[in-house]
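Novice: Structure below; questions to follow.
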Amino acid sequence: MKKFVTATTLILSALCSMASLAAEGDVGVAAAMDDRYCTTCHGAEGIGNIAIEAPRLAGMEAWYLKRQLENFRAGIRGTHGEDIQGIAMRPMAAKLSDESIADIVDWVGDWEYVAAEATVEGNVRQGRTAFQACAACHGANAQGNEALGAPALAGQNDWYLLTQLRNFRAGFRGSHQEDTFGSQMVTMSKTLTDDQAVINVVSYINTL
Amino acid sequence: MTNSVSRREFLNLLGAYGGTSAVLQAGAALGFMPSSSQAAEIALQANSGKKVAILGTGISALTTAWELTKAGYDCTLLEASHRPGGRMFTVRSGTVIDEIGNYQRCEWDNDPHLYFNAGAARIPSIHSNVLKYCKELEVELQVFVNESKTAWVQDDAMNGGKPVRNTDYSSSMQGFISEMLSKALGDSQLDSSLTESESETLLGMLRRFGDLNEDMLYKGSTRAGYGSGGFLDHGTKKDVVALRDLLKARNGGSVMVTTQEGTGSGPLLMQPVGGMDRIIYAFANRLGDRIKFRAPVTEVMVKDDGVEVAYEQNGVTEVLKADYCFNCIPSHLMSGIPNNFPDDYSEALNYIRRGRAYKAAFQAKERFWEKENIYGGITWVNAPIQQIWYPPHNIHGKKGVVLAAYNFGGANYTEMSQQDRIEDLLKHGEKVHPNYREMAQKPMTIAWHRMNHMLGCAPRWARDRGGWSDKEEQMYETLRQPVNGRHYLIGDQSTQHSAWMESAIQSAHYALADLDQRVRSEPV
Ligand SMILES: Cc1cc2nc3c(=O)[nH]c(=O)nc-3n(C[C@H](O)[C@H](O)[C@H](O)COP(=O)(O)OP(=O)(O)OC[C@H]3O[C@@H](n4cnc5c(N)ncnc54)[C@H](O)[C@@H]3O)c2cc1C
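Listed in order, the protein sequences are those of chains A and B. Numbering-wise (our numbering), the first sequence opens with residue 1 and increments by one. Numbering-wise (our numbering), the second sequence opens with residue 1001 and increments by one.
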């Protein structure tokens, strides 16, 4: 919890300089000294925020989060011209150091897993059939499988899953030649034959 | 051309406009001003110690806190950022721009004249409530020059890309418009619905408006300055820029409308001496340690008898219990904060979209614009940077801060790296001022879409450019009603004219009036 020490010192200095607030410059609280910015977009304790289209981070596996931050940083993700949400995320990650990424992953790990609210409605029965292809990697309960590099899907914001599946199908995500896992998803997402199938499979994941 | 107005149509139009004179006479409205011209009288009933939680420290929140504190309420303000003021933000030596992924620290000279209003910058004379607080809190104001006829207009397609003076553009454009109109009027006089004396008046006005010659033709104007002479020697007129050439500038609309007072821009505007955040700190100083910084709100629960607000401070979650809550956290951030608002309220809250805006500025080594006879105002560039502003204060001082880009739509700056943004502003600016690159020191940029704890600029309500739908009006009314009589949404997001400080302040006054009424009607 190294962050808190810094924060306390900052607050103290804030109080000291309170009296002369108007004199020069900003209030006496120094600006963020770390890269813990995630909650502004991803919601309090990383619950996700549909208005920003920023998915839930609470409960996301450390290894998956790390890989995605690294991919964003390297431009492996978030550089395709049609990946609107990815493009928005990329600049946030572009300057992160390895230490920052480790710190963020630690921090996110503190947040409690809260399953996201369901907003997508499709044909769950058909979705279940389609999900068999996903289950091989992501697990029968969409609980994820680190060994295969497949993250948990259960509990994630369904609107986010929808966007990502659509992006994989269209090649907006996963087309970068160094995106090993992403390119597998491009292939696998093709088993979903149309957009309705995407909606159905997400609806089924909502039941898990 | 299918779009051109036929002579017949022109006559009909003229007839229609002739008819409007009746409206002016009947309403005798000429003395009226828009609704905001009267500052509100706030007379809250004195109160001993009801607790109020105020979320965010935008101008609406500070107004609320200030008025409630004066009336004896016990206010606590929770601010996620390290600084107060939200979109009223001034950058000067030492300021941090906390843009996510683009943290910048300003290293300009430490000089009170060298600042950049990165958010709100201009105060119109009809924004009476902003002005009222400036007066009450002793914030010194000065005139802001919004339009200068010596500033430039630049479009790659016009004049071989070389800039022309605003006055060359606007005088000629006025001339041509007047000439065309007077021709049409002259031709149609006989069948027009205007009386002879009305026509005469109109023609007289057009002649002056366009500086036409006796034959009602535009042959250049000394308004554009002289080609040579003008003081010891007779002045000679400059050559006329052909209408066809003027029409190559695609940003002419902006050039011609800078001086509209009604909606807030005008030739005469104001700014606080030293930066817009002087207003913020005037409030913040008086509120003192009622404000908690770096205290992001993480949950808002409205109860029967009050509101419980969770926030984080020093890594610990605290809960603030209050009788009432006033909230200016941007709606698009509230949707990521757990709450128990009713469904229709949440739906309305989530409906509002976040607008984009981008600004950039640099410290100029010298006041190079003054050597070009520019002492304020705006240069219009037909490129994403759109505008260049020159500081109207500290004339003939050593340095100055130039606003090097202002795109109220944001263009694609949000995703650009700092390096690319800087190259972009230099590249376009040097088309106007050849020594621009050499003059520019330490550029600072701000993409509001990426600003920590804001992630946006003007809230956008209406989806349709044509205006607000009934559904939108209805959602707006829903948000104006306090949840359970306890939770008030404030800020320019809860007004119908966003992106103005005046609107944000009026939203606070509206909520305060509601609260006051409730408190007064409580059984003693
Ligand atoms: C580029 C630009 C130019 C502008 N130009 C002008 C102008 O010339 N004239 C004019 O009158 N107006 C102008 N405006 C508009 C004006 O700045 C705004 O209308 C006004 O400042 C909005 O105030 P507000 O009260 O709505 O709060 P905001 O300023 O939106 O403040 C919101 C506050 O909420 C805080 N917050 C966010 N999340 C949390 C959380 N979880 N917990 C606690 N706090 C949180 C933020 O840090 C911030 O302090 C401009 C705005 C911009 C961006």
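The beta-carbon is built from N, C-alpha and C at its ideal position, and this holds for glycine as well. Here the structure is a predicted model, which is why all the values come from computation and not from measurement.
(1) If we call anything under 8 Å between Cβ atoms a contact, is leucine 1181(B) one with leucine 1206(B)?
(2) With distances taken between CB atoms, is the gap from arginine 1286(B) to tryptophan 1066(B) smaller than 8 Å?
(3) Pick helix, strand or coil for glutamine 143(A), following the three-state DSSP scheme.
(4) Report all residues from its chain with a CB closer than 6 Å to the CB of phenylalanine 1451(B); omit the five preceding and five following residues, and keep chain order.
(5) Going by the DSSP bridge assignment, what does aspartate 1098(B) pair with across the sheet?
(6) At a cut-off of 7 Å, is histidine 1497(B) close to ligand 1 when judged by its beta-carbon and the heavy atoms of the ligand?
(7) Report yes or no: is there a C-beta of chain B within less than 8 Å of the C-beta of asparagine 123(A)?
(8) Between lysine 1399(B) and ligand 1, is the CB less than 7 Å from at least one heavy atom?
(9) Is there at least one Cβ from chain B nearer than 8 Å to aspartate 195(A)'s Cβ?
(10) Using CA coordinates, which residue listed in Leu1062(B), Glu1107(B), Tyr1281(B), Thr1064(B) is at the minimum distance from threonine 1095(B)?
(11) Step through the CB atoms of chain B and report whether any lies within less than 8 Å of the CB of tyrosine 160(A).
(12) Starting from glutamine 1142(B), follow the beta strand (DSSP E) in both directions and report where the run begins and ends.
(13) Quick one: is the Cβ of threonine 1195(B) within less than 7 Å of any heavy atom of ligand 3?
(14) Could you tell me the distance, in whole angstroms, from the CA atom of serine 1178(B) to the CA atom of phenylalanine 1209(B)?
(15) Is there contact here, the segment 1302-1320 of chain B with the segment 1421-1439 of chain B, by at least three beta-carbon pairs under 8 Å?
(16) What number of angstroms, rounded off, separates the C-alpha of glutamate 1196(B) from the C-alpha of glycine 1204(B)?
(17) Would you please state the rounded distance, in angstroms, between the beta carbons of threonine 1150(B) and asparagine 1373(B)? I believe it to be under 8 Å.
(18) Could you work out which residues of chain A lie near proline 1296(B), taking near to mean beta carbons separated by less than 8 Å?
(19) Suppose the cutoff is 8 Å on Cβ atoms and the five residues either side in sequence are ignored; what does the same chain contact list for leucine 65(A) look like?
(20) Between glutamate 1415(B) and proline 91(A), how many whole angstroms is the CB-CB distance? I'm expecting something under 8 Å.
(21) Once DSSP output is grouped into helix, strand and coil, what is the label at tyrosine 1358(B)?
(22) DSSP state of tyrosine 1133(B), grouped into three classes?
(23) Which class does tyrosine 1218(B) belong to by DSSP, given the choice of helix, strand or coil?
(24) Helix, strand or coil: how does DSSP classify histidine 1449(B) here?
(25) At the 8 Å Cβ level, is glutamate 1366(B) part of the contact set with chain A, yes or no?
(26) Quick check on methionine 188(A) - is its C-beta less than 8 Å from some C-beta in chain B?
(27) Phenylalanine 131(A): buried (16+ other C-beta within 10 angstroms of its C-beta) or exposed?
(28) Any beta-carbon of chain B closer than 8 Å to the one on isoleucine 76(A)?
(29) May I ask you to check if the CB of glycine 1056(B) is nearer than 7 Å to at least one heavy atom of ligand 1?
(30) Grab the span of the alpha helix (DSSP H) containing isoleucine 87(A) for me, first residue to last.
(31) Applying the 10 Å Cβ sphere with the 16-neighbour rule, what's the burial state of tyrosine 113(A)?
(32) Return no unless some Cβ of chain A is closer than 8 Å to the Cβ of glutamate 1415(B).
(33) Give the C-beta separation of alanine 54(A) and asparagine 1350(B) to the nearest angstrom, bearing in mind that I take them to be a contact with Cβ-Cβ under 8 Å.
(34) Taking Cβ positions only, does proline 91(A) come closer than 8 Å to chain B?
(35) Cβ closer than 7 Å: which chain A residues qualify as neighbours of asparagine 1327(B)?
(36) Would you kindly work out how many angstroms separate the C-alpha atoms of lysine 1398(B) and valine 1145(B), rounded to a whole number?
Specialist: Looking at the coordinates:
(1) Your numbering for residue 1181(B) matches position 181 in the second sequence. Your numbering for residue 1206(B) matches position 206 in the second sequence. In contact: leucine 1181(B) and leucine 1206(B) (Cβ atoms closer than 8 Å).
(2) Here residue 1286(B) is taken as the residue at index 286 of the second sequence, counted from 1. Here residue 1066(B) is taken as the residue at index 66 of the second sequence, counted from 1. A contact, by the Cβ cut-off of 8 Å.
(3) Position 143 of the first sequence, counted from the first residue, corresponds to residue 143(A). In the three-state reduction of the DSSP assignment, glutamine 143(A) falls in the coil class, being assigned neither a helical nor a strand state.
(4) Residue 1451(B) sits at position 451 when you count from the first residue of the second sequence. Looking at the sequence itself, residue 1451(B) is methionine, so the reference to phenylalanine does not match. Only Glu1099 meet the Cβ criterion.
(5) In the second sequence, residue 1098(B) corresponds to position 98, counting from 1. Bridge partners of aspartate 1098(B): Tyr1103(B).
(6) Your numbering for residue 1497(B) matches position 497 in the second sequence. Every heavy atom of ligand 1 is 7 Å or more from the Cβ of histidine 1497(B), so no.
(7) As a working mapping, residue 123(A) is identified with position 123 in the first sequence. No, because no Cβ of chain B sits closer than 8 Å to the Cβ of asparagine 123(A).
(8) Within the second sequence, numbered from 1, the residue matching residue 1399(B) stands at position 399. No, the beta carbon of lysine 1399(B) sits no closer than 7 Å to any heavy atom of ligand 1.
(9) Residue mapping note: residue 195(A) aligns to position 195 of the first sequence, counting from 1. So no, aspartate 195(A) is outside the interface.
(10) Residue mapping note: residue 1095(B) aligns to position 95 of the second sequence, counting from 1. Threonine 1095(B) has its Cα closest to that of Glu1107(B), out of Leu1062(B), Glu1107(B), Tyr1281(B), Thr1064(B).
(11) Numbered from 1 along the first sequence, position 160 holds the residue referred to as residue 160(A). Interface residue (Cβ-Cβ distance to chain B less than 8 Å): tyrosine 160(A) is not classified as such.
(12) Within the second sequence, numbered from 1, the residue matching residue 1142(B) stands at position 142. Counting along the chain, the beta strand (DSSP E) containing glutamine 1142(B) begins and ends at 1141-1145.
(13) This structure simply doesn't include ligand 3; it includes ligand 1 instead.
(14) For the purposes of this step, residue 1178(B) is taken as the residue at position 178 of the second sequence. For the purposes of this step, residue 1209(B) is taken as the residue at position 209 of the second sequence. Whole-angstrom Cα-Cα distance: 7 Å.
(15) No, they do not touch.
(16) Start at 1 with the first residue of the second sequence, and residue 1196(B) comes out as number 196. Start at 1 with the first residue of the second sequence, and residue 1204(B) comes out as number 204. Their backbone Cα atoms lie some 12 Å apart in a straight line.
(17) Within the second sequence, numbered from 1, the residue matching residue 1150(B) stands at position 150. Within the second sequence, numbered from 1, the residue matching residue 1373(B) stands at position 373. Indeed, because the Cβ distance is near 5 Å, the residues count as touching under 8 Å.
(18) In the second sequence, residue 1296(B) corresponds to position 296, counting from 1. What proline 1296(B) touches in chain A: Thr39, Ala44.
(19) Position 65 of the first sequence, counting from 1, holds the residue named residue 65(A). If we look at leucine 65(A) and ignore the five residues flanking it on each side, its Cβ neighbours are Leu57, Ile104, Val105, Val108.
(20) Position 415 of the second sequence, counted from the start, is the residue given in the question as residue 1415(B). Position 91 of the first sequence, counted from the start, is the residue given in the question as residue 91(A). Confirmed, about 6 Å.
(21) For the purposes of this step, residue 1358(B) is taken as the residue at position 358 of the second sequence. If DSSP states are grouped into helix, strand and coil, tyrosine 1358(B) belongs with the strands.
(22) For the purposes of this step, residue 1133(B) is taken as the residue at position 133 of the second sequence. Tyrosine 1133(B) falls in the helix class under three-state DSSP.
(23) Looking up residue 1218(B) in the second sequence gives position 218. It is coil, neither helix nor strand.
(24) Residue numbering aside, residue 1449(B) sits at position 449 when the second sequence is read from its first letter. Of the three classes helix, strand and coil, the one that applies to histidine 1449(B) here is helix, per DSSP.
(25) Here residue 1366(B) refers to the residue found at position 366 when the second sequence is read from its first residue. For glutamate 1366(B), the answer is no, since every Cβ of chain A falls outside 8 Å of its Cβ.
(26) Position 188 of the first sequence, counted from the first residue, corresponds to residue 188(A). Residue-level contact by beta carbon fails for methionine 188(A) and chain B, as no gap is shorter than 8 Å.
(27) In the first sequence, the residue the question calls residue 131(A) occupies position 131. Result: buried.
(28) Along the first sequence, read from residue 1 onward, the residue named residue 76(A) stands at position 76. No, because no Cβ of chain B sits closer than 8 Å to the Cβ of isoleucine 76(A).
(29) Working through the second sequence from its first residue, we reach residue 1056(B) at position 56. Result yes, Cβ under 7 Å from ligand 1.
(30) Locating residue 87(A) in the first sequence gives position 87, counting from the first residue. Isoleucine 87(A) -> alpha helix (DSSP H) spans 84-94.
(31) The residue labelled residue 113(A) in the question sits at position 113 within the first sequence. So tyrosine 113(A) counts as exposed.
(32) Taking the second sequence and counting its residues from 1, one reaches residue 1415(B) at position 415. Yes, glutamate 1415(B) counts as interfacial toward chain A.
(33) Taking the first sequence and counting its residues from 1, the one referred to as residue 54(A) is at position 54. Taking the second sequence and counting its residues from 1, the one referred to as residue 1350(B) is at position 350. Going by Cβ atoms, the distance from alanine 54(A) to asparagine 1350(B) rounds to 14 Å, so no, they are not a contact pair.
(34) As a first step, residue 91(A) is located in the first sequence; it is residue number 91 there, counting from the start. With 8 Å as the cut-off, proline 91(A) counts as an interface residue toward chain B.
(35) Sequence index remark: in the second sequence, residue 1327(B) carries index 327 (1-based). Within 7 Å Cβ-Cβ: nothing; asparagine 1327(B) doesn't reach chain A, min ~14 Å.
(36) Residue numbering aside, residue 1398(B) sits at position 398 when the second sequence is read from its first letter. Residue numbering aside, residue 1145(B) sits at position 145 when the second sequence is read from its first letter. Rounded to the nearest angstrom, the two C-alpha atoms are 19 Å apart.
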